[in-house]
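Working notes, beginning with the structure itself.
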Amino acid sequence: MDKAQAEAVVHAILEPDLAAREELQRRRRAQERSASERRVVAWVMLAGVVLGGAIAFLIGRRIALGAVWGGIVASAGGWGWVWARHRAAH
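See below:
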């Protein structure tokens, strides 16, 4: 067996492993990106809860209801922001 044949055999043996590693790395990057996006939405939603509660307090409404609605609105805005950021990156 000459050098070219030996390299072909080694490449044939290692190629599936390399493809599996690349797929695993791609999945990990996707999971990390997803977790990062969810953290961004969580922080935006937390700010919305606080702001909604504060607004409800100032206008004399129930704080809990204002916090819930503030969180809902901020969550939608956070997902919109993540979507726009993702779209701008591509």
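Its first residue numbered -9, the sequence shown is counted upward by one per residue in the numbering used here. For glycine and all other residues, C-beta sits at the position ideal for the given N, C-alpha and C. Remember, predicted model here, so these are calculated numbers, not experimental data.
For residue i, which of the options has the nearest alpha-carbon?
| i | options | result |
| --- | --- | --- |
| Ile62 | Met(-9), Ala37, Ser24, Asp7 | Ala37 |
| Arg75 | Arg51, Trp59, Ser24 | Ser24 |
Which value, in whole angstroms, describes the spacing of the CA atoms of residue i and residue j?
| i | j | result |
| --- | --- | --- |
| Arg77 | Gly68 | 14 Å |
| Gly56 | Ile49 | 10 Å |
| Arg11 | Glu5 | 10 Å |
| Ala(-4) | Ile3 | 11 Å |
| Gly42 | Ala9 | 49 Å |
| Ile45 | Ala64 | 14 Å |
| Gln(-7) | Glu13 | Residue identity differs from the one stated: residue -7 is Lys in this sequence, not Gln. Their backbone Cα atoms lie some 30 Å apart in a straight line. |
| Gln21 | Ala54 | 33 Å |
| Arg18 | Phe47 | 43 Å |
Taking C-beta to C-beta, are residue i and residue j nearer than 8 Å?
| i | j | result |
| --- | --- | --- |
| Val40 | Trp71 | no |
Apply the 10 Å Cβ neighbour rule to residue i and answer buried if 16 or more other Cβ atoms are within range, or exposed otherwise.
| i | result |
| --- | --- |
| Val31 | buried |
Tell me the start and end of each unbroken alpha helix (DSSP H) in the region 13 to 59 that is at least 4 residues and wholly inside, in chain order. none
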